[in-house]
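Our numbering numbers the first residue of the sequence shown as 3 and each following residue consecutively.
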Amino acid sequence: MMEIKEITVIVAEDEPALRQKIIAILEEVPEIEVICEAENGIQLIEQCLIHEPDAVFADIGLPEMSGMEAVQNLFTDLPDLFAVFITAYSQYAVEAFEISAVDYVLKPVTGKRILKAVAKLKQHMLEKEALRKQRNISNIKKEKIPVRDENGLIFLNQDEIFMLEKEQKRTIIHTKTHVYKTLATINSLKQKLNGSFFQTHRSFIVNLDKVHKIFPLGDRTNMIEFEDYDKQAQVSRNNLAELYRKLEFE
């Protein structure tokens, strides 16, 4: 069973007394080391880029730049960063979880609630490590996938595939240079893919490593935009949260 030996944390809160309270609670946890603190969003970004912590506990309402905006900016340089948000307002919860927040703690802050967030943080870190190991094993075992189309049997490098799309009785496999059409079902091909792929919709399986952007299309649909490829994939509402979780673990 995997264990977490140490979690480095930066606490960002503009109220000094509350900031020290959060730090004191966190330091009661043996695995956690609070390595720095910040009082505004700009400081949070600066300290994170210097110290590269495992996680941040950040107030959403930080001055100069909100905690949420700061964390979103940090994901560019620190994609493995975990975030726990703290706020007096519940209306930001949906937005926080959409950017893969570990937890969302409402003020007034209590020791019990912070420790609950720590437990969630540990679980997220364990799941991430387990998924990384699983995907490494899968990538070693399955570098190519056999596909039979009208030209015969072709062996495709999986890292060249953007997505698989179900079209009536066929499956379309999209790569940057070619589109392959096969009578193999999308479910049968799914069994041959490595851990880099995720079924976002009954008609779409996407390569998570190729995802560039997720955006809403109307009230009930979300779409995926890929890097350097103009076709898009659909995401069902039921799979959206799981997709965010998997992308967080990249």
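C-beta: ideal position from N, C-alpha, C; glycine also.
- Message: Just to confirm the assignment, what range does the alpha helix (DSSP H) spanning N75 have?
- Response: Within the sequence shown, the letter at position 73 stands for residue 75. Its alpha helix (DSSP H) spans residues G69 to D79.
- Message: For the ligand ATP, I want to know if E244 counts as a neighbour, meaning its beta carbon is within less than 7 Å of at least one of the ligand's heavy atoms.
- Response: With respect to the ligand ATP, the structure shown offers nothing to examine, as it has no ligands at all.
- Query: Using the C-alpha atoms, what's the distance from T78 back to V107?
  - Reply: Indexing the sequence shown from 1 puts residue 107 at position 105. Indexing the sequence shown from 1 puts residue 78 at position 76. Taking the straight line joining both Cα atoms gives about 24 Å.
- Message: I'd like to know whether the C-beta atoms of R150 and T187 end up nearer to each other than 8 Å.
- Response: Position 148 of the sequence shown, counted from the first residue, corresponds to residue 150. Position 185 of the sequence shown, counted from the first residue, corresponds to residue 187. Their beta carbons are not under 8 Å apart, which means R150 does not touch T187 by this criterion.
- Query: Taking the continuous alpha helix (DSSP H) assigned at P148, which residues delimit it?
  - Reply: The residue labelled residue 148 in the question sits at position 146 within the sequence shown. Looking at the DSSP string, P148 is not in any alpha helix (DSSP H); the run it does join, the beta strand (DSSP E), is K146 to D151.
- In terms of DSSP beta bridges, what is K183 paired with? On the sequence shown, position 181 is the one that residue 183 refers to. Paired residue(s): I174.
- Three-state secondary structure (DSSP) at G154? Taking the first residue of the sequence shown as position 1, residue 154 is located at position 152. Strand.
- Query: Which ranges does the beta strand (DSSP E) cover as unbroken runs of at least 3 residues, wholly within the segment 8-89, from first to last along the chain?
  - Reply: 9-14, 34-40, 57-61 and 84-89
- Query: Taking only runs of the alpha helix (DSSP H) that begin and end inside the segment 84-136, which ones reach a length of at least 4 residues, in chain order?
  - Reply: 95-100
- Compute the Euclidean distance between the alpha carbons of E48 and E54, then round it to the nearest angstrom. Here residue 48 corresponds to residue number 46 of the sequence shown, with the count starting at 1. Here residue 54 corresponds to residue number 52 of the sequence shown, with the count starting at 1. Near 10 Å, if we compare the C-alpha coordinates of E54 and E48.
- Message: In whole angstroms, give me the CA-to-CA distance for S198 and N209.
- Response: Taking the sequence shown and counting its residues from 1, the one referred to as residue 198 is at position 196. Taking the sequence shown and counting its residues from 1, the one referred to as residue 209 is at position 207. Cα to Cα, S198 sits roughly 6 Å from N209.
- Query: How big is the Cα-Cα spacing for F84 and H214?
  - Reply: The count along the sequence shown starts at 1 and reaches residue 84 at position 82. The count along the sequence shown starts at 1 and reaches residue 214 at position 212. One C-alpha to the other measures close to 20 Å.
- Message: Please return the same chain residues whose Cβ sits closer than 6 Å to the Cβ of P65, not counting the five positions on each side in sequence.
- Response: Along the sequence shown, one-based indexing puts residue 65 at 63. Excluding residues within five positions, the ones whose Cβ falls inside 6 Å are D16 and N42.
- Query: In terms of alpha-carbon separation, which member of S190, L191, R172 and L158 lies closest to T179?
  - Reply: By 1-based counting over the sequence shown, the position of residue 179 is 177. Nearest of S190, L191, R172 and L158 to T179, Cα basis: L158.
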